[in-house]
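K.L.:
Here it is, the structure, as structure tokens.
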Amino acid sequence: MKSTPRGYCRGRGHCGPIVLLSVGALLLLLSPSSVGHASAFSGGARAATGGSSRPALLATQSRTRPSSFRLAAADETTASDDVNKSGGFGEKAPPSAPPAPSTTASSPSTAAAAAAATAESDLTSRLLAEAREIGECAALLFGHVTKPDGAASADGIVALCDDLDAVPSVRSPDRDELATTTKIDLRSRAIRAARYEALNKLMRRDYDAYVATASFLSPSRIPRDELPNVQDVPYPDLPEATSAAAAAAAGESEEGQPLVADCTLDSKSFDDSPLDKLLLGIFRDLVTKNTGGVSSPKAGIEGLLEQGRTYMTQPGQTAEAQHAMVKNTLGGLMTPVLPPFYRIFMGGIVPQLGTDLDGKQFGPWFYAPWLTSVVTPTFFGFLVGPSRPNTRKDGQWGGLVVEKCKFLQESGCKGLCLHQCKLPAQEFFKEELGLDLTVSPNFVTQECQWSFGEVPLSPEEDPSFPTGCLVGCESRKAMASAYASGSGERPAVSCL
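The sequence shown runs contiguously to residue 483 in our numbering.
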């Protein structure tokens, strides 16, 4: 009897199929496709469990499979480890790949989202701060506008000056970033507007108290151009001594009238706009037409003044003739269209319609004085220079103050001012446009107050209009020289 080799199965009929199955399973597991699937499964398991899960999986399979499969699994584990270590069967292992970036670190998109959220929050905060600043300033101004005139006082105006001085000190770093503070300075503007309104209410209640308060606070606390009215408020730092001495030294004019001191302020240079030059040219042509051909070779305002002086000093000249000449010139400048339009929509005068109401005046309308004061500076700057709207002496809207009258500065003549500006302008607005006007020149400062809607006083009754001629009046000198011999009829005009 032959001995059986060690490890040889005695039951060949039963062992053959098992051996064949074992060999097939081993070949299947060691094939390239099988290795790829196993590697993928192993990687997924490691990702889920945080480590290598293939040995554990094979160990589980070895417990549930027959013993023949356990051998194949063990061989597959060994082969798989060899593949992982060497990168392939019999190959050298490649360098390990760099670690994947951490998923917990902030990505660029996350940082951008955070920055956008921060910017949105800052914008919201700034908008709320802007709204709060606007609300506070509006409440401040509204509170002073709605106060009755009797509540206005000098102490309240001084308190507003203190509040305005304190504005820079109450600003905080976050408020300095607000557009309403850094760009338009809204709080300071609101306080200035409230102060202007308080001064206006005080002027309506007690004009003398207003003049005293404005004289005390201006210009140290309140600039002169921020006062509602400057007619009777002394000009700051005015060198009156020289002017008064000149007037006293001059004594009386040739007609025995006292002389009025000249303005001692520096002359102002005027930059005429293209519109000013155009209107001045038209005006001079109309003067030539309405004076019967009086002209001058001089250019600009100097030529116009020479035309007016020549016409005023003509033999037998009257004040009424000068007034008529200026009114006709103003009417021609406004064209035939504007006066009727103004009479209807500003003066409230019924046009000629063939009814019983023709020519009847129901105005002037409440807005006429204010609107006229707003429009006038644009179209009369060529004659008087820069001006700005303000309030009348009664505290109502409709005033206009000329900063330094071009006509008066260049002429230096009260007669030209009175008979070729003040009186004809007042008559033209009343007779042709249906709106009262008071023109109040200041010969000391050469300022001029125009008050639309205010009934004027005659020069003889107006205490603010001085008597006599200016010390340096060229018209008086020219007239005295022309009629020194007593020949010819002197003009029947005076400077009052």
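Backbone N, C-alpha and C fix where the C-beta goes; we use that ideal spot for every residue, glycine too.
1) Measure the alpha-carbon distance for Val313 versus Asp193 and round it to whole angstroms.
2) What is the DSSP secondary structure of Met466, counted as helix, strand or coil?
3) Tell me whether the beta-carbon of Leu151 lies closer than 9 Å to the beta-carbon of Ile178.
4) For the alpha helix (DSSP H) holding Asn187, just list the boundary residues, first then last.
5) If you measure between the beta carbons of Cys274 and Thr316, is that distance less than 9 Å?
6) Under three-state DSSP, which class holds Trp352?
7) So what's Gln436 in DSSP terms, helix, strand or just coil?
8) Taking the alpha carbon of Val217 as the reference point, which residue from Asp258, Val431 and Pro453 has its own alpha carbon closest?
9) Anyone know if the C-beta pair for Arg174 and Leu127 falls short of 9 Å?
10) Report yes if the CB atom of Lys282 is closer than 9 Å to the CB atom of Gly290, and no otherwise.
11) In whole angstroms, what is the alpha-carbon distance linking Gln309 and Gln407?
12) So Pro245 and Thr454 are in contact, right, with Cβ under 8 Å, and what is the actual spacing, rounded?
13) With a cut-off of 8 Å, do at least 3 Cβ pairs link the segment 441 to 458 to the segment 245 to 257?
14) Rounded to whole angstroms, what is the Cα-Cα separation between Ala467 and Thr378?
15) Suppose you measure from the CA of Leu325 to the CA of Ile336; what does that come to, to the nearest Å?
16) Would Leu214 pass as a contact of Ala201 if the rule is Cβ separation under 9 Å?
17) Using alpha carbons as the reference points, say which of Ala138, Ser462 and Cys148 lies closest to Gly402.
18) Short of 6 Å in beta carbon distance, which residues of its chain neighbour Ala61, apart from the five on each side in sequence? Order them along the chain.
19) Look at the Cβ atom of Gly386, then the Cβ atom of Phe439, and state whether they are nearer than 9 Å.
20) Report the option in Ile144, Ala98, Ala465 and Glu419 whose CA atom is closest to the CA atom of Pro302.
21) Do you know offhand how far Leu266's Cα is from Pro356's?
22) Using only the alpha-carbon positions, how far apart do Lys417 and Leu424 sit?
23) Where Ala99 and Ser112 are concerned, what is the direct C-alpha to C-alpha distance, given to the nearest angstrom?
24) Classify Cys124 as helix, strand or coil using the three-state DSSP reduction.
25) Output the boundary residues of the beta strand (DSSP E) element that contains Val389.
26) With distance defined between alpha-carbon atoms, name the residue in Gly346, Gly279 and Ser374 nearest to Lys393.
27) Does the Cβ of Pro443 have 16 or more other Cβ atoms within 10 Å, making it buried, or fewer, making it exposed?
28) Val442 by DSSP, collapsed to three states: which one?
29) Which residue spans inside the segment 253 to 311 form an unbroken alpha helix (DSSP H) run of at least 4?
30) Pick out the complete beta strand (DSSP E) segments inside the segment 386 to 428, 3 residues or longer, and give them in chain order.
31) Have a look at Pro411, Pro95 and Leu420 and flag the residue whose alpha-carbon is nearest the alpha-carbon of Val426.
32) From what residue to what residue does the beta strand (DSSP E) around Pro376 run?
33) Buried or exposed: which applies to Ser108, given that a residue is buried once 16 or more other Cβ atoms fall within 10 Å of its Cβ?
34) Where do the N-terminal and C-terminal ends of the alpha helix (DSSP H) with Asp152 fall, by residue?
35) Alpha carbon to alpha carbon, what distance is there between Arg211 and Glu123?
P.N.:
The relevant details are as follows:
1) Here residue 313 corresponds to residue number 326 of the sequence shown, with the count starting at 1. Here residue 193 corresponds to residue number 206 of the sequence shown, with the count starting at 1. Answer to the nearest angstrom: the Cα atoms are 37 Å apart.
2) Translated into the one-based positions of the sequence shown, residue 466 becomes position 479. In this structure, DSSP gives Met466 a helical state, which the three-state scheme calls helix.
3) Within the sequence shown, the letter at position 164 stands for residue 151. Within the sequence shown, the letter at position 191 stands for residue 178. Between Leu151 and Ile178, the gap from beta carbon to beta carbon is short of 9 Å.
4) In the sequence shown, counting from the first residue as 1, residue 187 sits at position 200. Here the alpha helix (DSSP H) through Asn187 covers Leu173 to Arg192.
5) The residue you call residue 274 lines up with position 287 of the sequence shown. The residue you call residue 316 lines up with position 329 of the sequence shown. Here residue 274 is Val; the residue named in the question, Cys, does not match the sequence. For Val274 and Thr316, yes; Cβs fall inside 9 Å.
6) Locating residue 352 in the sequence shown gives position 365, counting from the first residue. Coil, per DSSP.
7) Reading the sequence shown from its first residue, position 449 is the one you call residue 436. It is a strand residue.
8) For this step, residue 217 is matched to residue 230 along the sequence shown. A check of alpha carbon separations from Val217 across Asp258, Val431 and Pro453 identifies Val431 as the nearest.
9) Against the sequence shown, residue 174 aligns to sequence position 187. Against the sequence shown, residue 127 aligns to sequence position 140. Taking 9 Å as the Cβ cut-off, Arg174 and Leu127 qualify as a contacting pair.
10) Position 295 of the sequence shown, counted from the first residue, corresponds to residue 282. Position 303 of the sequence shown, counted from the first residue, corresponds to residue 290. In the sequence on display, residue 282 carries Ser and not Lys. The answer is yes: Cβ separation under 9 Å.
11) By one-based count along the sequence shown, residue 309 stands at place 322. By one-based count along the sequence shown, residue 407 stands at place 420. Straight-line measurement puts the Cα of Gln407 at about 6 Å from the Cα of Gln309.
12) Position 258 of the sequence shown, counted from the start, is the residue given in the question as residue 245. Position 467 of the sequence shown, counted from the start, is the residue given in the question as residue 454. That pair is a contact at about 6 Å.
13) Taking 8 Å as the limit for Cβ pairs, the verdict is that the segment 245 to 257 does touch the segment 441 to 458.
14) Within the sequence shown, residue 467 is the residue found at index 480, counting from 1. Within the sequence shown, residue 378 is the residue found at index 391, counting from 1. Computed Cα separation, rounded: 41 Å.
15) Locating residue 325 in the sequence shown gives position 338, where the first residue counts as 1. Locating residue 336 in the sequence shown gives position 349, where the first residue counts as 1. Distance between the alpha carbons of Leu325 and Ile336: 14 Å.
16) Indexing the sequence shown from 1 puts residue 214 at position 227. Indexing the sequence shown from 1 puts residue 201 at position 214. Their beta carbons are under 9 Å apart, which means Leu214 touches Ala201 by this criterion.
17) Working through the sequence shown from its first residue, we reach residue 402 at position 415. Residue nearest to Gly402 within the set Ala138, Ser462 and Cys148 is Ser462 (criterion: CA-CA distance).
18) Translated into positions along the sequence shown, residue 61 becomes position 74. Because the pLDDT of Ala61 is 43, which lies under 50, any placement of that residue in the model is unreliable, and the question is left without a value.
19) Indexing the sequence shown from 1 puts residue 386 at position 399. Indexing the sequence shown from 1 puts residue 439 at position 452. Taking 9 Å as the Cβ cut-off, Gly386 and Phe439 qualify as a contacting pair.
20) Locating residue 302 in the sequence shown gives position 315, counting from the first residue. It is Ala465.
21) Within the sequence shown, residue 266 is the residue found at index 279, counting from 1. Within the sequence shown, residue 356 is the residue found at index 369, counting from 1. Each residue's alpha carbon lies about 23 Å from the other.
22) As a first step, residue 417 is located in the sequence shown; it is residue number 430 there, counting from the start. As a first step, residue 424 is located in the sequence shown; it is residue number 437 there, counting from the start. Annotation: Lys417 to Leu424 spans about 7 Å, alpha carbon to alpha carbon.
23) Along the sequence shown, one-based indexing puts residue 99 at 112. Along the sequence shown, one-based indexing puts residue 112 at 125. Roughly 20 Å between the two C-alpha positions.
24) Numbered from 1 along the sequence shown, position 137 holds the residue referred to as residue 124. Reduced to three states, the DSSP call for Cys124 is helix.
25) In the sequence shown, residue 389 corresponds to position 402, counting from 1. Counting along the chain, the beta strand (DSSP E) containing Val389 begins and ends at Trp384 to Val389.
26) The count along the sequence shown starts at 1 and reaches residue 393 at position 406. Looking from the CA of Lys393, the closest CA among Gly346, Gly279 and Ser374 belongs to Ser374.
27) Working through the sequence shown from its first residue, we reach residue 443 at position 456. So Pro443 ends up on the buried side.
28) For the purposes of this step, residue 442 is identified with residue 455 of the sequence shown, where counting begins at 1. Here Val442 carries a coil assignment [DSSP, helix/strand/coil].
29) Taken in chain order, the complete alpha helix (DSSP H) segments of 4 residues or longer contained in the segment 253 to 311 are 261 to 277 and 287 to 299.
30) For the segment 386 to 428, whole beta strand (DSSP E) runs of length 3 or above, ordered along the chain, are 424 to 428.
31) Counting from 1 along the sequence shown, the entry for residue 426 is found at position 439. Comparing Cα positions, the closest option is Pro411.
32) For the purposes of this step, residue 376 is taken as the residue at position 389 of the sequence shown. The continuous beta strand (DSSP E) containing Pro376 extends over residues Ser374 to Thr378.
33) On the sequence shown, position 121 is the one that residue 108 refers to. For Ser108, the number of other beta carbons within 10 angstroms of its own is below 16, and it is reported as exposed.
34) For this step, residue 152 is matched to residue 165 along the sequence shown. Counted as a single uninterrupted DSSP element, the alpha helix (DSSP H) harbouring Asp152 occupies residues Ala141 to Asp152.
35) One-based indexing of the sequence shown puts residue 123 at position 136. One-based indexing of the sequence shown puts residue 211 at position 224. A straight line joining the alpha-carbon of Glu123 with that of Arg211 spans about 27 Å.
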